[in-house]
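This report concerns only the one structure given below.
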Amino acid sequence: MKPSQGCVVWSKVGFGDLTNFGRAYKRHEKSNEHLSACARLSCLGRVRVEHAINEGARIQVAKHNETVKQNRAFLNRLIDVTSLLGRQELSFRGHDESSESSNKGNYREFTETLAKYDSVLATQFQSSAVFSGMSNSIQNDLISALSATVSNEIKDEIKAAPFFAWQVDETTDIACRAQLSVIIRYVDSAGKIQERFIGFFDVSGGRDAQSVFGVLNENMQGYNFREKLVAQTCDGAAVMASALNGLQAKVKAIAPSAMFVHCYAHRLNLVLSQGAKCFSECRIFFASLSGFATFFSKSTKRSSFLESAGCSRLPRNAPTRRNFTPRIVSTVANNYDALLQTFENIIADKTMDDDTLDCAKGFLMKLEDFEFVFMLYTFEQIFSETDVVYDIVQQRAMDVLYCKKRIESLLAYVKEKRSEGAFQTVYAKAAHLTSDPQTERLRKRRLSQLQDPKERYRNLYMAILDNLSEQIPRRFANLESMRFLELVNPGKFDEMRQIFPEEAFQCVLKTYGQFFDSGRLRSELQVLYSNQDLQGNRGKLCDFLLFMKDMELDSAMPQLYKLLSLVGTIGATSAGVERSFSCLKRLKSYTRNTMGQGRLSSLALLAIERTLVKSLEKIPGCRILSESQLKSLSLIIIIIIAVKRD
Numbered sequence: 001m002k003p004s005q006g007c008v009v010w011s012k013v014g015f016g017d018l019t020n021f022g023r024a025y026k027r028h029e030k031s032n033e034h035l036s037a038c039a040r041l042s043c044l045g046r047v048r049v050e051h052a053i054n055e056g057a058r059i060q061v062a063k064h065n066e067t068v069k070q071n072r073a074f075l076n077r078l079i080d081v082t083s084l085l086g087r088q089e090l091s092f093r094g095h096d097e098s099s100e101s102s103n104k105g106n107y108r109e110f111t112e113t114l115a116k117y118d119s120v121l122a123t124q125f126q127s128s129a130v131f132s133g134m135s136n137s138i139q140n141d142l143i144s145a146l147s148a149t150v151s152n153e154i155k156d157e158i159k160a161a162p163f164f165a166w167q168v169d170e171t172t173d174i175a176c177r178a179q180l181s182v183i184i185r186y187v188d189s190a191g192k193i194q195e196r197f198i199g200f201f202d203v204s205g206g207r208d209a210q211s212v213f214g215v216l217n218e219n220m221q222g223y224n225f226r227e228k229l230v231a232q233t234c235d236g237a238a239v240m241a242s243a244l245n246g247l248q249a250k251v252k253a254i255a256p257s258a259m260f261v262h263c264y265a266h267r268l269n270l271v272l273s274q275g276a277k278c279f280s281e282c283r284i285f286f287a288s289l290s291g292f293a294t295f296f297s298k299s300t301k302r303s304s305f306l307e308s309a310g311c312s313r314l315p316r317n318a319p320t321r322r323n324f325t326p327r328i329v330s331t332v333a334n335n336y337d338a339l340l341q342t343f344e345n346i347i348a349d350k351t352m353d354d355d356t357l358d359c360a361k362g363f364l365m366k367l368e369d370f371e372f373v374f375m376l377y378t379f380e381q382i383f384s385e386t387d388v389v390y391d392i393v394q395q396r397a398m399d400v401l402y403c404k405k406r407i408e409s410l411l412a413y414v415k416e417k418r419s420e421g422a423f424q425t426v427y428a429k430a431a432h433l434t435s436d437p438q439t440e441r442l443r444k445r446r447l448s449q450l451q452d453p454k455e456r457y458r459n460l461y462m463a464i465l466d467n468l469s470e471q472i473p474r475r476f477a478n479l480e481s482m483r484f485l486e487l488v489n490p491g492k493f494d495e496m497r498q499i500f501p502e503e504a505f506q507c508v509l510k511t512y513g514q515f516f517d518s519g520r521l522r523s524e525l526q527v528l529y530s531n532q533d534l535q536g537n538r539g540k541l542c543d544f545l546l547f548m549k550d551m552e553l554d555s556a557m558p559q560l561y562k563l564l565s566l567v568g569t570i571g572a573t574s575a576g577v578e579r580s581f582s583c584l585k586r587l588k589s590y591t592r593n594t595m596g597q598g599r600l601s602s603l604a605l606l607a608i609e610r611t612l613v614k615s616l617e618k619i620p621g622c623r624i625l626s627e628s629q630l631k632s633l634s635l636i637i638i639i640i641i642a643v644k645r646d
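Numbering of the sequence shown is given in the UniProt record's numbering, commencing with residue 1 and proceeding in unit increments.
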């Protein structure tokens, strides 16, 4: 359209007639040229240029989005493979991962096998020149991200719980590094008692109270333990026996409600034997005992000699069997003569290999060694009694007064055995079975003088009994403070309906009063004792918690439910830490000793918490990883799951 003369004058030539300016302005406002220019100005920038004029741009966006979709589908499969290998405790890498290798490791072999039947994997492997997801760094990123997801899930559960308890334990992995295992116990929002593995932490640099406390303080800050920790426990090896009280005190100084309690998952005999290892003679003795079990477990032919001699089978030294020490002491002591005969028969057998003969000769010498036999019957007389007490404490934990009496009787028994008469009995028995060392020279480094061997063994015997007498009260020092357990002891409900247990009630207020409304708690307990419907479930504590949750009594009687949760949190009756130790041993065996500490703890978390991992697997792969976990992945993964374009 040709511009009008007025439009040209207005926009190009210029307007010099000011007298007619008003009429000219109004006339231009109505012109086609002006209206068209206004319309174009309004639409400027409102329509994306590539959509309006470039069909090729739209094709590019669609292609990009399809690539992102394919890459995310590929990543989902890598996540699933990583999750499967982790929770099944299978190693990831092989010693030779080259294309010619016959065993490239489980991660590569598994994904390549899946690629035969999965077009997404096959396409990525064939077409991608940059990313195949097979590198060690990618594996570590995925393991770390999945572990972080599980950890965050556990943290969310713990945040919802009113309080929790922790249990720390120590073991040495096959790379000879001391590993501290941490388990947290709490009641979740569904009313279930949970024990969750937090991780392994390297404490080979120091196992004193200050070092262990430093590790706990650094790694447990995210769990708000200063306010919510209500109980702590550890075994005799996590810290040296002399420093056990120091660790308790350091934790309690910043977490005032963190009472130290004996963990029922640890057999009392095991705890006492670990504490006694402060004596070199005890360490050597228990190490030798483990050797007996290992020797027979490695060969059925060796075990057959045990049976032919009428000897009981020796217990296996499995990582999860925390009662191994007392059992092996009892078995060797009760089958002493049969074991002697067994080793003599093995040595006399001409078909035995050299390694078996050499080991058998060494064990025979041990059984004929006075010090070994003396230590054997010293601990046998103690463990036979402590095993009985352990079973009572475990089965009747709610009856605190009864448990206290049995602990006191055990302590009296140990003190009774710390006598000249008891020593003479053990000494005479060992001398009868071996030979009296009375006339032998005691060989000591840098010392040439003679020392009376009997006096030496008397001092050792008394020191061991003193150590046990010290450990027992320490382990159960807070037993009186736990009288509040009686408040929810079903066996005493009828009695407490008649007379309210005031002492036990004051006990819970003294230690954990900040968590409760005392007046409301008293009223709810009185209702519990008098209402038969509430007592309908007098079984296990865990069943009582679920009963209250199912009947919505946690809302009607919140203080009672909280008290039950507290008792469930403190009363560690399952061997959660032992589970983690067994996992540690297997992981270090399957994944080679050179595995880094971070990967070790991450893999252990996936394996131990496999039930939680499986529940998270129901979430579509990429959604398992939160934004924070995605940021922790390497740059190449960030690229392949780039955001889709509009």
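By construction, the Cβ of each residue, glycine as well, lies at the ideal position given by its N, Cα and C atoms.
Starting from D202 and walking both ways along the beta strand (DSSP E), at which residues does that stretch end?
Where D202 is concerned, the enclosing beta strand (DSSP E) stretches over I193 to D202.
Mind checking S280: buried by the 16 CB within 10 Å criterion, or exposed?
Classification for S280: exposed.
Kindly indicate which three-state DSSP category T351 falls into: helix, strand or coil?
Here T351 sits in coil by DSSP.
My output table needs one value for E227: the three-state DSSP class, helix, strand or coil.
Helix, per DSSP.
From this set, F363, A504, V329 and A431, which residue's C-alpha is nearest D387's C-alpha?
Selected option, being the one with the closest Cα: V329.
Taking Cβ to Cβ, would you say E380 is nearer than 7 Å to A333?
In contact: E380 and A333 (Cβ atoms closer than 7 Å).
Grab the span of the beta strand (DSSP E) containing R185 for me, first residue to last.
Looking at the DSSP string, the run of the beta strand (DSSP E) that includes R185 is A178 to V187.
Pop quiz: N224 and F201 are said to be a contact at Cβ under 8 Å. What is the actual Cβ separation, rounded to whole angstroms?
Wrong, their Cβ atoms sit about 19 Å apart, outside the cutoff.
Per the DSSP calculation, D550 is bridged to which residue(s)?
The partner list for D550 (beta bridge, DSSP) is empty, contrary to what the question assumes.
Sort Q167, I608, L468 and F110 by Cα distance to residue 652 and report the nearest one.
Outside the shown range of the chain (1 to 646) lies residue 652, about which nothing can therefore be said.
For N542, which residues of its own chain have a beta-carbon under 8 Å away from its beta-carbon, when the five flanking residues on both sides are left out?
The sequence given here has Cys at residue 542, not Asn. Result list for C542: K192, I193 and G568, in chain order.
Taking the alpha-carbon positions, what's the Y529 to Q535 distance?
Distance between the alpha carbons of Y529 and Q535: 8 Å.
Does DSSP put E480 in a helix, a strand or coil?
Correct three-state label for E480: helix.
Could you give the uninterrupted runs of the alpha helix (DSSP H) lying entirely in the stretch 452-525, keeping only those of 4 residues or more?
Correct list: 453-475, 493-498 and 502-512.
To the nearest angstrom, how far is the alpha carbon of N531 from that of C507?
Straight-line Cα distance between these residues: approximately 24 Å.
What does the alpha-carbon distance come out to for the pair L229 and L433?
One C-alpha to the other measures close to 52 Å.
For M365, count neighbouring Cβ atoms within 10 angstroms of its own Cβ and tell me buried if that reaches 16, exposed if not.
Counting Cβ neighbours within 10 Å, M365 comes out exposed, since fewer than 16 surround it.
Does the distance from the CB of V212 to the CB of L247 come in under 7 Å?
Yes, they are a contact pair.
Return the chain-ordered list of same chain residues with a C-beta closer than 8 Å to the C-beta of T19, the five sequence neighbours on each side being excluded.
No residues qualify anywhere along the chain.
Helix, strand or coil: how does DSSP classify F163 here?
F163: coil per DSSP, three-state reduction.
Looking at C-beta atoms only, is the number of pairs between the stretch 603-614 and the stretch 144-153 that lie closer than 8 Å three or more?
Yes, the stretch 603-614 touches the stretch 144-153.
Closest by CA to W166, which one among E157, A160 and Y186?
Nearest option by C-alpha distance: Y186.
Just grab the DSSP bridge partners of T233 for me.
Looking at the DSSP assignment, T233 forms a beta bridge with Q167.
Would DSSP call N20 helix, strand or coil?
Looking at N20 - three-state DSSP - the assignment turns out to be helix.
Is it buried or exposed for I382, if we count other Cβ within 10 angstroms and need 16 for buried?
Buried is the call here.
Excluding five sequence neighbours on each side, which residues of the same chain lie with their C-beta closer than 8 Å to the C-beta of Y107?
Excluding residues within five positions, the ones whose Cβ falls inside 8 Å are V81, T82, L85, F92, R93, M134 and Q139.
Does the ligand GDP have a heavy atom nearer than 6 Å to the CB of E524?
In terms of ligand content, the structure shown is empty, and the ligand GDP therefore cannot be addressed.
With a CB to CB cut of under 8 Å and the five nearest residues on each side skipped, what residues in its chain are close to C622?
Since pLDDT at C622 reaches only 47, below the 50 mark, its modelled position is unreliable, and the value read off the structure follows with that caveat. The answer, listed in chain order, is R72, L75, N76, I79 and I641.
Looking at the strands, I want to know which residues DSSP matches up with M365.
DSSP, once it has assigned bridges, lists no residue as partnering M365.
For the alpha helix (DSSP H) holding C38, just list the boundary residues, first then last.
Its alpha helix (DSSP H) spans residues N32 to C43.
Under the three-state reduction of DSSP, which class applies to M259: helix, strand or coil?
It is a strand residue.
I need the DSSP call for M375, collapsed to helix, strand or coil.
Reduced to three states, the DSSP call for M375 is helix.
Look at the Cβ atom of V414, then the Cβ atom of T378, and state whether they are nearer than 7 Å.
No, the Cβ-Cβ distance between V414 and T378 is not below 7 Å.
Return helix, strand or coil for A309, following the three-state DSSP convention.
Coil at A309, not helix or strand.
Name the residue from F372, L142, R474 and K159 whose alpha carbon lies nearest to the alpha carbon of R283.
Closest option to R283, Cα to Cα, is F372.
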